[in-house]
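2 protein chains.
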Amino acid sequence: MTDAQVSGSRARTRQAIVDAAIEVLGRHPAASLGDIAAAADVGRTTLHRYFAERADLLSAVGTEAAARLARATAQARPAEGTGASAVRRLCQEYFDLGDLLSLLFSEPELCAVPTAGEAEGCDPEFTALVERGHRDGSIDPELPAGWVQSIIWSQLYAGWSYLAETGASRHEVLRLVLRTVDGAIGARPT
Amino acid sequence: MTDAQVSGSRARTRQAIVDAAIEVLGRHPAASLGDIAAAADVGRTTLHRYFAERADLLSAVGTEAAARLARATAQARPAEGTGASAVRRLCQEYFDLGDLLSLLFSEPELCAVPTAGEAEGCDPEFTALVERGHRDGSIDPELPAGWVQSIIWSQLYAGWSYLAETGASRHEVLRLVLRTVDGAIGARPT
DNA sequence: CCTGAATGGAACACGCTTGTTCCAGTTCGG
DNA sequence: CCGAACTGGAACAAGCGTGTTCCATTCAGG
Numbered sequence: 051m052t053d054a055q056v057s058g059s060r061a062r063t064r065q066a067i068v069d070a071a072i073e074v075l076g077r078h079p080a081a082s083l084g085d086i087a088a089a090a091d092v093g094r095t096t097l098h099r100y101f102a103e104r105a106d107l108l109s110a111v112g113t114e115a116a117a118r119l120a121r122a123t124a125q126a127r128p129a130e131g132t133g134a135s136a137v138r139r140l141c142q143e144y145f146d147l148g149d150l151l152s153l154l155f156s157e158p159e160l161c162a163v164p165t166a167g168e169a170e171g172c173d174p175e176f177t178a179l180v181e182r183g184h185r186d187g188s189i190d191p192e193l194p195a196g197w198v199q200s201i202i203w204s205q206l207y208a209g210w211s212y213l214a215e216t217g218a219s220r221h222e223v224l225r226l227v228l229r230t231v232d233g234a235i236g237a238r239p240t
Numbered sequence: 051m052t053d054a055q056v057s058g059s060r061a062r063t064r065q066a067i068v069d070a071a072i073e074v075l076g077r078h079p080a081a082s083l084g085d086i087a088a089a090a091d092v093g094r095t096t097l098h099r100y101f102a103e104r105a106d107l108l109s110a111v112g113t114e115a116a117a118r119l120a121r122a123t124a125q126a127r128p129a130e131g132t133g134a135s136a137v138r139r140l141c142q143e144y145f146d147l148g149d150l151l152s153l154l155f156s157e158p159e160l161c162a163v164p165t166a167g168e169a170e171g172c173d174p175e176f177t178a179l180v181e182r183g184h185r186d187g188s189i190d191p192e193l194p195a196g197w198v199q200s201i202i203w204s205q206l207y208a209g210w211s212y213l214a215e216t217g218a219s220r221h222e223v224l225r226l227v228l229r230t231v232d233g234a235i236g237a238r239p240t
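Top to bottom, those sequences are chains E and R. The end of the first sequence is residue 240 by this note's numbering, with every number in the run present. The end of the second sequence is residue 240 by this note's numbering, with every number in the run present.
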């Protein structure tokens, strides 16, 4: 609060470092602080000036990740329509998280630590959403909410990897992800 | 050949180290050689006696991984039945790979390096299997073989993680994986 | 112009992993 | 029983990432 607006450049530099950290750690979770500083076009000294220890930077990354995740969730309007349609919209929004997707998949504890108050992974209202899908017949009742969540994240991550490996277009990969997620969680005709 | 049967204990110790490496690296890819030696109940000196450099151990792990993978694939009889049924049997066999599953998912280059002669990931006959499924109507023709492969591995990995997090039984998790994979790759009623 | 904020480079100590050497204890077969 | 193979611990050097200090440079605003 008191020093947030000192010069404006402080906030800008800090954000550049956090953004670079998400990008670099998303592609290579074991990256060094030097790599992150280089990606942010900043000296390693400057990075330590903003985040004294590595844990401080990771904490800031976790906070930023939680914020972006919450924003994407809100934009998907998870309370509207059938459970399956809400899941579909969630996938579309989450897919745009890009590098953050890989980071959240490989280091789920990033978001868990700051939200230490809650018990399980990250389903405060997600469980309710899936159970709504169970009731309205749009989601296979045999699949527990936790498994549906695992399916979604693993397929989003698979899609992001598929995008990097093959030359497929972003749009085409999203189409594949949505198609297979729909099939996986949809109620069985049997 | 010449020194393979020197005492029998050499082969046994070597195998114990490779097995421990798969187990430890599967759970924590950044594990140190000391961790692996401890898991194998072997001194770090002994480990270096069998594998001079870290790369040598990783190479041996890659070879062992390829062997187990080939054995699992053969047991699934991928040439029999419909494409979807073959995929289902592959999932069942691969699921039993255990820690190797995590390792192959997080370090795909382990198997790729020794098999440097081939072009893409690991679909010599897998592509043919999926295309058989396209023709016999058991696999959604809109899904390319590479994407089907991505789906399978990501869901197997998700299942293994789900098994570790929740207290679900191995059998129950395999049931969930098979159900969602079937739904994901199956031809659409639309 | 001049002061203070912000930055980046150089250098250092510390801890960890890796790779090596040396030595003592154990085990197995002749 | 004896010797060779096998083993594990201790110690060491080298490399890398981390965290810190110090100093020179740049830039914006009074």
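Glycine is no exception: its CB is placed at the ideal position from the N, C-alpha and C atoms.
Could you check whether the Cβ of residue i sits closer than 9 Å to any Cβ belonging to chain R?
{"i": "ILE201 of chain E", "result": "yes"}
{"i": "GLU159 of chain E", "result": "no"}
{"i": "TYR207 of chain E", "result": "yes"}
{"i": "GLY204 of chain E", "result": "Reading the sequence as shown, one finds Ser at residue 204 of chain E and not Gly. Cβ-Cβ to chain R under 9 Å: yes for SER204 of chain E."}
{"i": "THR216 of chain E", "result": "yes"}
{"i": "GLY236 of chain E", "result": "yes"}
{"i": "GLY167 of chain E", "result": "Note that GLY167 of chain E scores a pLDDT of 47, beneath 50, so its modelled location is shaky and nothing firm can be said."}
{"i": "PRO174 of chain E", "result": "no"}
{"i": "LEU226 of chain E", "result": "yes"}
Going by the beta-carbon positions, is the gap between residue i and residue j smaller than 9 Å?
{"i": "GLY217 of chain E", "j": "GLU181 of chain E", "result": "no"}
{"i": "ILE201 of chain R", "j": "ALA208 of chain E", "result": "yes"}
{"i": "LEU108 of chain R", "j": "TYR100 of chain R", "result": "no"}
{"i": "VAL231 of chain E", "j": "ARG139 of chain E", "result": "no"}
{"i": "GLN205 of chain R", "j": "ALA234 of chain E", "result": "yes"}
{"i": "LEU153 of chain R", "j": "VAL111 of chain R", "result": "yes"}
{"i": "LEU224 of chain E", "j": "PHE145 of chain E", "result": "yes"}
{"i": "ALA126 of chain R", "j": "GLN142 of chain R", "result": "yes"}
{"i": "ALA129 of chain R", "j": "LEU147 of chain R", "result": "no"}
{"i": "CYS102 of chain E", "j": "ILE67 of chain E", "result": "Reading off the sequence, residue 102 of chain E comes out as Ala, not Cys. Not closer than 9 Å, so no."}
{"i": "PRO158 of chain R", "j": "PRO239 of chain E", "result": "no"}
{"i": "TYR212 of chain R", "j": "LEU228 of chain R", "result": "no"}
{"i": "ASP149 of chain E", "j": "ARG77 of chain E", "result": "yes"}
At least one CB of chain E closer than 9 Å to the CB of residue i: is that the case?
{"i": "TYR212 of chain R", "result": "yes"}
{"i": "GLU114 of chain R", "result": "no"}
{"i": "THR177 of chain R", "result": "no"}
{"i": "ALA122 of chain R", "result": "no"}
{"i": "VAL231 of chain R", "result": "yes"}
{"i": "ASP190 of chain R", "result": "yes"}
{"i": "GLY183 of chain R", "result": "no"}
{"i": "GLY76 of chain R", "result": "no"}
{"i": "GLY196 of chain R", "result": "yes"}
{"i": "ALA80 of chain R", "result": "yes"}
{"i": "LEU151 of chain R", "result": "no"}
{"i": "LEU193 of chain R", "result": "yes"}
{"i": "PRO239 of chain R", "result": "yes"}
Could you tell me if residue i is buried or exposed, where buried requires 16 or more neighbouring beta carbons within 10 angstroms of its beta carbon?
{"i": "GLN199 of chain E", "result": "buried"}
{"i": "GLY84 of chain R", "result": "exposed"}
{"i": "GLY58 of chain E", "result": "exposed"}
{"i": "GLY93 of chain E", "result": "exposed"}
{"i": "ALA120 of chain E", "result": "exposed"}
{"i": "THR95 of chain R", "result": "exposed"}
{"i": "SER219 of chain E", "result": "exposed"}
{"i": "ALA87 of chain R", "result": "buried"}
{"i": "PRO174 of chain R", "result": "exposed"}
{"i": "ALA136 of chain R", "result": "buried"}
Consider the C-beta atom of residue i and the heavy atoms of the ligand ATP; say whether any pair is separated by less than 8 Å.
{"i": "ALA90 of chain R", "result": "Annotation note on the ligand ATP: not contained in the displayed structure, which lists no ligands."}
Could you tell me whether the stretch 186–203 of chain R touches the stretch 186–200 of chain E, using the rule of 3 or more Cβ pairs below 8 Å?
No: fewer than three Cβ pairs fall under 8 Å.
Using 8 Å as the Cβ pair cut-off and three pairs as the minimum, do the stretch 108–120 of chain R and the stretch 62–74 of chain R touch?
These segments touch.
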